[in-house]
Amino acid sequence: MDNNLKYGNVHLEEIDNVVNTLNLTQDKSEELRKRLRENFTSFVPCDIPQSVIVDYSQSDIRNIIDYMYSQKTNSEEMNSALDYIKHSYNIKFVTNRIRHILEEPDFINREKELYYIEAFCTDEMMGKSFDLFYKWYFAIISYLDYKKGMISGKQLFDLFQRVMSSGIGFAGEYLGSLFQQMMMVYFLEFQESHNTQGVLDFYNHSKEYGFDLNIYVYMVQTKFDTPELNPKKYIIDLWDERDPNFYGYSLHIADKTGLTSRKVMDFLIENKIINKQDLFDLWDSGEEPINIAYSFGLEIPDVQAFLKENVEKLKRNSCEDLWLLDKDYFDEDW
Numbered sequence: 012m013d014n015n016l017k018y019g020n021v022h023l024e025e026i027d028n029v030v031n032t033l034n035l036t037q038d039k040s041e042e043l044r045k046r047l048r049e050n051f052t053s054f055v056p057c058d059i060p061q062s063v064i065v066d067y068s069q070s071d072i073r074n075i076i077d078y079m080y081s082q083k084t085n086s087e088e089m090n091s092a093l094d095y096i097k098h099s100y101n102i103k104f105v106t107n108r109i110r111h112i113l114e115e116p117d118f119i120n121r122e123k124e125l126y127y128i129e130a131f132c133t134d135e136m137m138g139k140s141f142d143l144f145y146k147w148y149f150a151i152i153s154y155l156d157y158k159k160g161m162i163s164g165k166q167l168f169d170l171f172q173r174v175m176s177s178g179i180g181f182a183g184e185y186l187g188s189l190f191q192q193m194m195m196v197y198f199l200e201f202q203e204s205h206n207t208q209g210v211l212d213f214y215n216h217s218k219e220y221g222f223d224l225n226i227y228v229y230m231v232q233t234k235f236d237t238p239e240l241n242p243k244k245y246i247i248d249l250w251d252e253r254d255p256n257f258y259g260y261s262l263h264i265a266d267k268t269g270l271t272s273r274k275v276m277d278f279l280i281e282n283k284i285i286n287k288q289d290l291f292d293l294w295d296s297g298e299e300p301i302n303i304a305y306s307f308g309l310e311i312p313d314v315q316a317f318l319k320e321n322v323e324k325l326k327r328n329s330c331e332d333l334w335l336l337d338k339d340y341f342d343e344d345w
C-alpha cells in the first residue's frame with residue numbers, strides 16, 4: 012500500500028524531519044517516531060482516497076508532536092493525546108466535506124458522501140462527538156436531496172433540528188458554522204411555511220451565543236421582510252453599529268451582504284444615511300478623497316468614482332485638483 016495513502020496524506024519524511032528538530036536523545040526520538048507511525052494509521056480508513064483527505068502541513072505535524080511530547084509523558088496520557096488528535100483530525104475532515112457540499116452541491120457524489128459518513132462518524136473515529144457530526148453530515152447530504160426537490164424544506168428543517176438537539180457543545184470550534192447553516196435552513200423552511208417568527212427567534216438566539224450570522228442573501232432570496240428584520244434594516248443596523256474609526260466599513264458590510272462596497276455606498280446615499288452633499292462639501296473645502304473616505308468609513312476608489320460621476324456639481328474642479336480622483340493612494344510611485 013502507498014504510504015501516503017496509508018498514513019492519510021501525512022508524509023513520513025515530514026514526521027522524521029520534525030522529530031529531528033526536537034533535539035531529543037536518539038532513544039526518545041525513535042520512541043516518538045515509532046508511536047507516530049503506528050498511530051497515524053488509525054487516523055483515517057486506509058481506503059479513503061488521498062484526494063479527499065485533509066492535508067497536514069509540517070507545522071501541523073510539529074504542533075502535534077510538541078503537544079504529545081512536551082505535555083503527555085506516560086503511556087496512558089500519550090494514548091489519550093493520540094485519541095484527541097485522531098478525533099480532531101477526523102472532525103476536521105467531516106467539516107471540510109460539509110463545507111464542500113454547500114459550496115458545490117451540483118458536483119457532489121451522494122453515494123461517496125454516505126460512505127464517508129459511515130467510515131468517519133463513529134465512536135472510534137470521533138469519540139463522544141460522533142453522534143452530533145453523524146447527524147450534521149447526514150443533514151447536509153440531505154440538502155442535496157432538497158436541491159433536487161426530493162425532500163421538502165420542512166423535512167430538511169426536521170433533520171437539522173435533530174442536529175441541534177444532539178449536544179451542540181460537541182461542535183466546539185465549528186459551532187458558528189452549524190448556527191450559520193441552521194439559519195439557512197430556517198429561511199428555506201420559511202419559504203414553505205411563511206413562519207417569520209421561527210427565523211426571528213433563531214436569529215436572536217444566535218446573537219445570544221455571540222454569533223454575527225450572514226443572513227442578507229437569505230433574506231433577499233426568500234423575500235423575507237418583517238419590521239424587525241429585512242434587507243434594508245439589516246444594512247442600516249450594520250452601519251449604525253460601526254466603529255467611527257473603522258476605515259472601509261462599507262467593505263465590511265459588502266462582505267456580510269455579498270454586495271460590492273460601491274453598492275453599499277450608493278445604498279447609504281440613496282437612503283440618506285450619508286448625505287451626498289457632505290461628500291461634495293468636504294471635497295470643495297480642499298479635502299482629498301482619502302480623507303473623505305476615512306471620514307465616512309468608505310472605500311477610497313468608491314469615493315473617487317462617485318465624485319467623478321458628479322464632477323459638474325463640484326466647485327473645486329480645476330485640473331490641478333481633479334487628478335486626485337484618479338490617484339492610486341496605495342501606489343508608492345505616485
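Per the numbering used here, residue 12 is the first one in the sequence shown, and the count goes up by one each step.
Backbone N, C-alpha and C define an ideal beta-carbon position, used for all residues, glycine too.
Only a predicted model underlies this, so the values are computations on that prediction, with no experimental measurement involved.
| query | result |
| --- | --- |
| Nearest-angstrom Cβ-Cβ length linking L224 and M194, presumed shorter than 8 Å | 5 Å |
| Cβ shell of V196 (< 7 Å), same chain only, five flanking positions each side left out | L167, F168 and F171 |
| Length at least 4, wholly inside the segment 173-211: the alpha helix (DSSP H) runs in chain order | 186-204 |
| Inter-residue spacing [alpha-carbon to alpha-carbon] between K45 and S272 | 54 Å |
| DSSP three-state assignment for K159, whether helix, strand or coil | coil |
| E200 versus K165: straight-line alpha-carbon distance, rounded | 5 Å |
| Alpha helix (DSSP H) segment containing L333, residue limits | C330 to L333 |
| As assigned by DSSP and simplified to three states, the class of P238 | coil |
| Through-space distance from T133 to S163, alpha-carbon basis | 28 Å |
| Distance, I112 Cα to L293 Cα | 48 Å |
| Where the alpha helix (DSSP H) containing V275 begins and where it ends | S272 to E281 |
| Rounded straight-line distance, which links the Cα of F144 to that of I119 | 19 Å |
| Rounded separation between L189 and I102 - CA only | 13 Å |
| Cβ-Cβ distance between E310 and L335 below 9 Å | no |
| Which listed residue (L325, V275, V314 and Y185) has its alpha carbon closest to that of D295 | L325 |
| Alpha-carbon to alpha-carbon, Q232 and Y148 | 24 Å |
| Exposure label - Q208; buried when at least 16 CB within 10 Å | exposed |
| Alpha-carbon spacing of N328 relative to N282, whole angstroms | 27 Å |
| Spatial distance of D117 from N241 (CA atoms) | 29 Å |
| Under the three-state DSSP convention, the category S99 falls into | helix |
| Member of E129, L318 and K267 whose CA lies at the smallest distance from the CA of I280 | L318 |
| Assigned secondary structure, L16 (DSSP; H/G/I helix, E/B strand, else coil) | Only weak support exists for where L16 lies, its pLDDT of 34 falling under 50; the value from the coordinates is given anyway. Three-state DSSP puts L16 in a helix. |
| S261 burial status per 10 Å Cβ neighbour count (16 or more: buried) | buried |
| M230 to S153 span [Cα, whole Å] | 22 Å |
| Three-state secondary structure (DSSP) of N120 | coil |
| W252, buried or exposed, once every other Cβ within 10 Å from all chains shown has been counted against 16 | One point to set straight first is that residue 252 is Glu, not Trp, in the sequence displayed. So E252 counts as exposed. |
| N107, DSSP secondary structure in three states | helix |
| Alpha carbon of F235 to alpha carbon of G180, nearest angstrom | 30 Å |
| Collapsed DSSP secondary structure at K244 in the structure displayed | helix |
| Cβ shell of G187 (< 6 Å), same chain only, five flanking positions each side left out | F222 |
| CA nearest to the CA of G269, picked from N302, Y227, L249 and S217 | Y227 |
| Backbone CA spacing between N28 and L93 [nearest angstrom] | 19 Å |
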